[in-house]
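Numbered according to this note's numbering, the sequence shown spans residues 34 to 184.
What follows is one structure encoded as structure tokens, with my remarks underneath.
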Amino acid sequence: MGRLIVRAGSLRDLMDVVRVEHRCFGQEAYSTTTLLLLLSRYGRFFLVAEVDGRVVGYASATLRGKAGHLVSIAVLPEFRRLGIGKALLKALLERLREAGARSVTLEVSVRNKAAINLYLKMGFKAVGKITRYYQDGSDAIIMELSLEGEG
Ligand SMILES: CC(C)(COP(=O)(O)OP(=O)(O)OC[C@H]1O[C@@H](n2cnc3c(N)ncnc32)[C@H](O)[C@@H]1OP(=O)(O)O)[C@@H](O)C(=O)NCCC(=O)NCCS
């Protein structure tokens, strides 16, 4: 892999992020409008991963009060298993913690072993389940990471 940089996303990155989102989620991809909204409203928590100047992944979160929520994380298929997802999530959690988040929650499909493993590795724990949450009928696991007492 070339040089990896994790940095805050900007409007200039929007179409690159849209492409990453579509390649990673297909039919279930967030729309350009939703991504634009996340970028403009929660820009501090919208990060992109660049390898040799090319956007190959991104991660987005929201913060309401002290409750952080991971909205999305995706890395282009040909750049997976290189530590990019972990680097994005680590940087995002750090920003959320610095901004006062006490906890971070997320939903993940029970079928998404790669993402579940990544979240477990970062300290998230399963705290609940939502039946038939996704379009394909699969259930979502709700996971949570406590940031209390860190830093
Ligand atoms: C989930 C995703 C972001 C992980 O990105 P990544 O850059 O490949 O992740 P990393 O290389 O940082 O992996 C970190 C850890 O996650 C786990 N992991 C990642 N991919 C895995 C896989 N295919 N199978 C099992 N575990 C996996 C491993 O524990 C891995 O550590 P290791 O490589 O030392 O074993 C990526 O697979 C992706 O974009 N998937 C499609 C989009 C998606 O499902 N996003 C999550 C929606 S909730």
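For glycine and all other residues, C-beta sits at the position ideal for the given N, C-alpha and C.
Would you kindly work out how many angstroms separate the C-alpha atoms of Thr-95 and Leu-122, rounded to a whole number? 13 Å
Can you give me the Cβ contacts of Ala-159 inside the same chain, cut-off strictly under 6 Å, excluding the 5 residues immediately before and after it? Ile-174 and Met-176
How far does the beta strand (DSSP E) with Arg-127 in it extend, from its first residue to its last? Note on identity: in this sequence residue 127 is Glu, with Arg being the wrong assignment. No beta strand (DSSP E) contains Glu-127, which is instead part of the alpha helix (DSSP H) from 117–131.
According to DSSP, is Thr-164 helix, strand or coil? coil
Opposing strand residues paired with Gly-101 [DSSP bridges]: Answer is Leu-96 and Val-137.
CB contact flag (Arg-40, Glu-83, <9 Å): yes
Rounded to whole angstroms, what is the Cα-Cα separation between Leu-47 and Tyr-63? Spanning the alpha carbons of Leu-47 and Tyr-63 requires a straight line of approximately 12 Å.
Would a C-beta distance cut-off of 9 Å place Glu-54 and Ala-107 closer than the cut-off? Contact: yes.
Expected contact under 8 Å - CB spacing of Lys-162 and Asp-172 to nearest Å: 6 Å
How long is the line joining the alpha carbons of Ile-38 and Gly-182, rounded to whole angstroms? 28 Å
Pick out whichever of Arg-165, Ala-148 and Thr-164 has its Cα sitting closest to the Cα of Phe-157. Ala-148
Measuring straight from C-alpha to C-alpha, what distance separates Phe-58 and Gly-133? 30 Å
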